[in-house]
Each structure stands twice: as C-alpha cells, then as structure tokens.
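Below you'll find the structure, written out as structure tokens, and then a few comments.
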Amino acid sequence: NENAAGRKPEAGDGKREEDQADSASAAETSLLMKIIRKGLVESKQDLEIQRKDPNSPLYSVKTFEALHLKPELLKGVYAMGFNAPSKIQETALPTLLADPPQNMIAQSQSGTGKTAAFVLAMLSRVDPKKDYPQVLCLSPTYELAIQTGEVAARMAQFCPEIKLKYAVRGEEVGREKLTDHIIIGTPGKVMDWGIKYKVFDLKKIRVFVLDEADVMIATQGHHDQCIRIHKQLSKSCQMMFFSATYDKEVMDFAQYIVPNPIIIKLRREQESLDNIKQYYVRCKDQDEKYKAIQNIYGGITVGQAIIFCHTRKTATWLSGKMSQDGHSVAVLSGELTVEQRLLVLDRFRDGLEKVLITTNVLSRGIDVEQVTIVVNFDLPMDGHGRADCETYLHRIGRTGRFGKNGIAINLVDSDKSMNICKAIEKHFKKKIELLDADNSDEIE
Ligand code: ADP
Numbered sequence: 008n009e010n011a012a013g014r015k016p017e018a019g020d021g022k023r024e025e026d027q028a029d030s031a032s033a034a035e036t037s038l039l040m041k042i043i044r045k046g047l048v049e050s051k052q053d054l055e056i057q058r059k060d061p062n063s064p065l066y067s068v069k070t071f072e073a074l075h076l077k078p079e080l081l082k083g084v085y086a087m088g089f090n091a092p093s094k095i096q097e098t099a100l101p102t103l104l105a106d107p108p109q110n111m112i113a114q115s116q117s118g119t120g121k122t123a124a125f126v127l128a129m130l131s132r133v134d135p136k137k138d139y140p141q142v143l144c145l146s147p148t149y150e151l152a153i154q155t156g157e158v159a160a161r162m163a164q165f166c167p168e169i170k171l172k173y174a175v176r177g178e179e180v181g182r183e184k185l186t187d188h189i190i191i192g193t194p195g196k197v198m199d200w201g202i203k204y205k206v207f208d209l210k211k212i213r214v215f216v217l218d219e220a221d222v223m224i225a226t227q228g229h230h231d232q233c234i235r236i237h238k239q240l241s242k243s244c245q246m247m248f249f250s251a252t253y254d255k256e257v258m259d260f261a262q263y264i265v266p267n268p269i270i271i272k273l274r275r276e277q278e279s280l281d282n283i284k285q286y287y288v289r290c291k292d293q294d295e296k297y298k299a300i301q302n303i304y305g306g307i308t309v310g311q312a313i314i315f316c317h318t319r320k321t322a323t324w325l326s327g328k329m330s331q332d333g334h335s336v337a338v339l340s341g342e343l344t345v346e347q348r349l350l351v352l353d354r355f356r357d358g359l360e361k362v363l364i365t366t367n368v369l370s371r372g373i374d375v376e377q378v379t380i381v382v383n384f385d386l387p388m389d390g391h392g393r394a395d396c397e398t399y400l401h402r403i404g405r406t407g408r409f410g411k412n413g414i415a416i417n418l419v420d421s422d423k424s425m426n427i428c429k430a431i432e433k434h435f436k437k438k439i440e441l442l443d444a445d446n447s448d449e450i451e
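So this is what it looks like as structure tokens:
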C-alpha cells in the first residue's frame, strides 16, 4: 500500500509510533484540505501586486464573460457553479490569458481559487488541432495531480477535443509520441517521459504550471527534478507558479523558475481569539483530566466538541473511556487513510458524533461551524517542549467567516503545562481564566 496520503509517519528512537506526537505531511494536509473544502475561502485582505512596471495598471475582471473565453469553456465554468471570479482570479486570469503571455507567481492560502485559475488558463491555451503536449502541470503527489486533473476534466466537459494525460505512478507509455494536449503529473514520471523516453517534447510546452510549490519543495528530491524539467523548456514558455505560503525558500525557488513574473499575493485571513472564552483547569493527572472532561461535557448540551491530544495513545485511551460512558465519539489520527479521515469528518459534520478526538493531524481547516467547545487535553507544544502558539491559534481561533462565539478549555496537569498555558496567555495578551471543573456552570 503505497498510498502517499495514507502513509504512516516514521517512528524514530525505538519509540512506539502511537506514543509519538502525531503530525501530517504537507502533502497530506493539502490534499485533505482540498477534499473537505466545500467552496471558496473568501478574504477581506487586499491583493498585493508586484510587477516590473508599477505604472502600468493590471487589468482585472469582475465577470468570467469579460475574459473572452471559448464559449465551451465558459459553459464549463458556469456548470461548475462559479458565478464570478474569486479575488485572486480577478487579477490572475486576465494576466494568465493575456497575449503575449506573462509569467506569474501567485501566493494565497488554500481554497482561494488558484487551481481553478490556472486550470482555466491551461485549457484556454490548448490548440486542439495540434496533437502533441502543449501544457504541463507538475504536482507534488499522485493524489494532488488527480485532484487537479479532475478539476480540468470538469471545466473541459464541453470541450471533448481536449485530451489530458496523467503522468503519475501506474500510468505507462509505449514508444509512440504522446498526442494528448495536457500533461498533469509528478516530477519523477514527467522526467521519465520527457527526458528519458522522450515521448513528448518539453521544448514544445507552451504553458508550464508548478502547483503547490511549497509542498513540492518540502518533498525530498522534487525540487531538483523540477529544476531539471524546467531547464528543458523553451524560453518562450509561459511559467505559472502557485503556492499557499510565502516563505523565503519558496520565493527563492519561484524567482529561479519564473523570469520576470507578475507577483500577486493574498495574505492569509488571520484567525483570531476574539469572541473566544478561554479557560484552564488544574488537574493532577490524566484521570483527573478525564473527570474534567466529564464535568464540562456534561454541562454543555448543545453543539459539538473537538478534543486535541498530543499522541495517538492518549486519543485512543480517551475515546475508549468516553465511549464506555455512552458518548458518541469519533477519532481522527495519523494512521487513517485519507478516505477514512474524510468519513470521520463527514460523520462529525453531520452531527452523527458529538465529540471529535484528534491528534495534530488537522488543527487547521476543521471549519465545523457547530463546534462550540474546543478542549486541549494536551497543550500544543513544539519539538522543544515550548508553547506552540501558532497551533493553539489554529485549533481555537476562528476566521471572520466563522466568527461565532466559542469556548476553549485547556487541561493543565503539570508545572510544565502550566508554563505553556501562561506563555500562550502572554503571547496573545488574552486572559485564560481558571475554571473550577467541578462547577461547569461557570462556563458561559
Ligand atoms: P486553491 O487552489 O487556492 O486551493 P481552488 O481553486 O481549489 O483553490 O478553489 C477552492 C474551492 O472553491 C473549490 O471547491 C472550487 O471549486 C471553488 N471555486 C474556485 N473558484 C470559484 C469561483 N470563482 N466561484 C465559486 N467557487 C469557486
């Protein structure tokens, strides 16, 4: 089973896997976010634009009609339920479709419409009368390539003449040259086909897309493979580079791959702790933590709860206890495959389980609106045992969209966790109040 998204984290130091802090790879997280997302992530942030000549304004559109797409493509866009371009699409699309072609680096968080934008650009640039690959899109993993391909297939549903080929594991080619117009694949397979077997000509690629570039460079070996593929492309090939993050490493890579780009950035919508009541409960040990949960959970009748544990072992233990006490509990942890995780999340979203116990596999992106209470069974800490404030914010905080009131409860069972709690309080400059867990009436 080499399903990348279901791959188990490596256990080191002879420690049992379930005792280790659970974390997901960048590619796994990205895939899961894509699949569970039901629509666009709206942003109130302004788009930042950098270009060579800052005096020439960038043209932007408010409608898809204004892009003068092929009618079949426009039909495809509407069939997907898109009424108007997203914030990033307003500016990216006219540039991506312009003649002469312009290079672009676009950064915005997951869910803001990047994939739809570059897929539309890819499809628009295809000349179906030429029977060779003209568009190449690199994705970091098999699963992410398939996701992108599925968007392309839906958008091109009224353009049956456009042919798409996946260059991913399991796909094979013969000696004949490929006649498909678009190739979407992972770097290793694309290198094999383009450089080793030469079943298509990289020089004839008109549009090159590097998707999820941040995930790409976080994946061993992909960085160099991308560069080797990139070297074979013609000077006139249009380069598009997409990333959800803004680190220097990603930017350096971008600048290397994409000459003279127009750079557009949409800052991440910040989660905030406004409207969140934060508490901590003093406990002696794990059993007392459990008692605290019983009290708290018994006191709250509406809504659902998410409980975060540091390790799988604790999550399993806790879910066993709670199930025994008659709670309907779901567990989301690192050993589940993507399909299993989706199942768990869908059931929770539908309210079939009232409690979701999870390790760190998904601190960001559980936008379940009906969740009223988040419990840190273990406080988030980094590899050095220090307070991990960023993770805390992702677990507890809400963005504007989900700006409802919420309650966060931190279970503190040692001086160390008390110190973490204090550090978090100090960092966010927001009081975390002591809660007497025997008296959950105090919770408002
Ligand atoms: P990203 O690549 O930035 O993660 P996607 O292109 O995958 O974002 O878009 C996120 C979600 O929003 C998808 O479900 C997609 O179908 C939807 N979406 C994209 N563009 C639009 C639009 N203009 N109108 C409505 N929904 C859109």
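Going left to right, the sequence shown walks through residues 8 to 451 as the numbering used here numbers them. Virtual Cβ for every residue (Gly too), placed ideally from N, Cα, C. A quick note: this is a predicted structure, and the numbers were derived from the prediction, not measured.
Boundaries (first-last residue) of the alpha helix (DSSP H) holding residue i
{"i": "V84", "result": "78-86"}
{"i": "I95", "result": "94-104"}
{"i": "F435", "result": "422-435"}
{"i": "F125", "result": "121-132"}
{"i": "V222", "result": "220-225"}
Segment limits, beta strand (DSSP E) that includes residue i
{"i": "C144", "result": "142-145"}
{"i": "A163", "result": "It is not in any beta strand (DSSP E) - A163 carries neither H nor E in the DSSP assignment."}
{"i": "E342", "result": "Unbroken run through E342: none, as it is neither H nor E."}
{"i": "E55", "result": "54-57"}
{"i": "I314", "result": "311-315"}
{"i": "N417", "result": "413-419"}
{"i": "L65", "result": "That residue, L65, is in no beta strand (DSSP E); it is neither H nor E in DSSP."}
{"i": "F215", "result": "214-217"}
Residues that residue i bridges to, as DSSP identifies them
{"i": "A394", "result": "M388"}
{"i": "F249", "result": "A113"}
{"i": "G192", "result": "L145, A174"}
{"i": "Y440", "result": "First, the residue type needs correcting, since residue 440 is Glu and not Tyr in the sequence shown. Looking at the DSSP assignment, E440 forms a beta bridge with Y286."}
{"i": "L359", "result": "According to DSSP, L359 bridges with nothing at all."}
{"i": "N383", "result": "F315, N417"}
{"i": "R235", "result": "Its beta-bridge partners do not exist; DSSP assigns none."}
{"i": "I364", "result": "I314, V338"}
{"i": "V378", "result": "Q311"}
{"i": "R405", "result": "S279"}
Integer-rounded CB distance, given that residue j should sit under 8 Å from residue i
{"i": "Q52", "j": "R405", "result": "16 Å between Cβ atoms; not a contact."}
{"i": "L339", "j": "L363", "result": "6 Å"}
{"i": "E180", "j": "V206", "result": "A small fix is needed here, since residue 180 is Val in this sequence, not Glu. Indeed, because the Cβ distance is near 5 Å, the residues count as touching under 8 Å."}
{"i": "M162", "j": "V126", "result": "6 Å"}
{"i": "F249", "j": "K121", "result": "5 Å"}
{"i": "A119", "j": "L47", "result": "According to the sequence provided, residue 119 is Thr. The question's Ala does not apply to it. At roughly 7 Å, the Cβ-Cβ gap stays under 8 Å, so T119 and L47 are in contact."}
{"i": "V454", "j": "H188", "result": "The displayed coordinates of the chain run from 8 to 451. Any statement about residue 454 would go beyond what the structure contains."}
{"i": "G192", "j": "A152", "result": "6 Å"}
{"i": "R296", "j": "D420", "result": "The question names Arg, yet the displayed sequence has Lys at residue 296. Contact flag correct, Cβ pair sits at about 6 Å."}
{"i": "V381", "j": "G413", "result": "7 Å"}
{"i": "Y482", "j": "Q114", "result": "The structure shown does not extend to residue 482, since the chain is modelled only from 8 to 451, so the question has no answer here."}
{"i": "T379", "j": "C316", "result": "19 Å between Cβ atoms; not a contact."}
#### Entry: alpha helix (DSSP H) segments (min. 4 residues) lying fully within the region 251-304
255-264
### Message
So, does the region 285-295 touch the region 261-275, judging by three or more C-beta pairs under 8 Å?
### Response
no
### Query
Is there contact between the region 427-446 and the region 382-389, where contact requires at least three CB pairs shorter than 8 Å?
yes
### Message
Can you confirm whether the region 208-217 touches the region 73-92 when touching is taken to mean that 3 or more C-beta pairs between the two stretches lie within less than 8 Å?
### Response
no
### Message
Assess contact between the region 195-202 and the region 236-256, defined as three or more Cβ pairs (one per stretch) separated by less than 8 Å. Is contact present?
### Response
yes
### Task
Tell me, please, whether the region 77-93 touches the region 141-153 by the rule of three or more beta-carbon pairs shorter than 8 Å.
no
### Task
Please determine if the region 163-174 and the region 91-108 are in contact, where contact requires at least 3 C-beta pairs separated by less than 8 Å.
no
#### Entry: At least 3 beta-carbon pairs within less than 8 Å: the region 341-349 vs the region 390-400
no
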